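Single-structure report; data block below.
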Amino acid sequence: MPSPATGLRASAPAGPPSAAPTPARTTRRAAAAASVLLALALVTACAPDAPSGNGFTYTPTPSAHASGTPTPTPSATALADIPDDCRAILTADVLAQLDGTPLNDPAFGSSGPQPDGGLICVWRDPAADTTGLVTTISYMSRGPALEMLNKLVVDEGYTCYTPDGGTRCEKTWQNPTYPVTDGRTLFWRDDILIDTAYSALAPNGYTAAVVAALFG
Numbered sequence: 020m021p022s023p024a025t026g027l028r029a030s031a032p033a034g035p036p037s038a039a040p041t042p043a044r045t046t047r048r049a050a051a052a053a054s055v056l057l058a059l060a061l062v063t064a065c066a067p068d069a070p071s072g073n074g075f076t077y078t079p080t081p082s083a084h085a086s087g088t089p090t091p092t093p094s095a096t097a098l099a100d101i102p103d104d105c106r107a108i109l110t111a112d113v114l115a116q117l118d119g120t121p122l123n124d125p126a127f128g129s130s131g132p133q134p135d136g137g138l139i140c141v142w143r144d145p146a147a148d149t150t151g152l153v154t155t156i157s158y159m160s161r162g163p164a165l166e167m168l169n170k171l172v173v174d175e176g177y178t179c180y181t182p183d184g185g186t187r188c189e190k191t192w193q194n195p196t197y198p199v200t201d202g203r204t205l206f207w208r209d210d211i212l213i214d215t216a217y218s219a220l221a222p223n224g225y226t227a228a229v230v231a232a233l234f235g
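Counting from 1 along the sequence shown, just add 19 to a position and that's the residue number in my numbering.
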């Protein structure tokens, strides 16, 4: 599951509105971009937003994310198939942590198997103000994936690393309305993107379970 915020970068004090970026800040941003580009470049083509407003917002359309995530497109080179069962991709331990949380309630719109072959899993009680978890699994080719993940690193301070033959990027932040932690974890491998946004609901081992179910 989405792991704790190993790479959340502290925000620098705001300067005057007209202040130009300092050379040090420009250097740090360039270094961050170069670092993730190097890491992602090592992944072959066959191998690798926070919810905004008050409370936890679920939007099933990928392009609606604050990060500007490109709309996924099916890939003929994907080496794995996306499952059609949100429970089957989780271990017994993770399911136990989600026990009592409704799955794919109609109140949250389109979920479950998607027409493009993707899968959306919404773990959330409609009566809850913020607690919930949404995972979107979709096909995304290497080019758009690299562009999106690099943008998250440079613009939003995500941390990326390369476990399990893929690339994982993540970040957590304080919910703007409630005293809970929100976050987002993305994992890309073999032209498949696993994108999970969550608020006050982060089962241990969640993302790892999904990765193992898809790629073995």
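Note that beta-carbon positions come from the ideal geometry of N, C-alpha and C, so glycine has one too. Here the structure is a predicted model, which is why all the values come from computation and not from measurement.
- Secondary structure of P163 (DSSP, three-state): helix.
- D100 counts as exposed, since fewer than 16 other C-beta atoms from the protein chains shown sit within 10 angstroms of its C-beta.
- When DSSP states are grouped into helix, strand and coil, Q116 belongs to the helix group.
- A216 has its alpha-carbon roughly 18 Å from the corresponding atom of R208.
- For L233, the enclosing alpha helix (DSSP H) stretches over residues 225-234.
- If you draw a 10 Å sphere on the C-beta of S129, you find fewer than 16 other C-beta atoms in it, and that means exposed.
- When the beta-carbon positions are compared, R143 and T120 come within less than 9 Å of each other.
- Counting C-beta pairs with one atom in each stretch, the segment 177-184 and the segment 145-155 have fewer than three that are closer than 8 Å, which means they do not touch.
- Under the three-state reduction of DSSP output, P132 falls in the strand class.
- Under the three-state reduction of DSSP output, L212 falls in the strand class.
- Distance between V141 and A228, taken at the CA atoms: about 16 Å.
- Secondary structure of L220 (DSSP, three-state): coil.
- In the DSSP secondary-structure assignment, C140 is bridged to T154.
- The Cβ atoms of A221 and L152 lie closer than 9 Å to each other.
- Residue environment for G162: exposed (fewer than 16 other C-beta atoms within 10 angstroms of its C-beta).
- The beta carbon of A126 sits closer than 7 Å to those of P145, all from its chain and outside the five residues before and after it, given in chain order.
- Looking at the DSSP output, K190 sits in a beta bridge with R203.
- Separation of the CB atoms of D112 and G224 is rounded to 6 Å, and the pair is thereby assigned contact status at 8 Å.
- Counting the other Cβ atoms within 10 Å of the Cβ of E189 gives 16 or more, which makes it buried.
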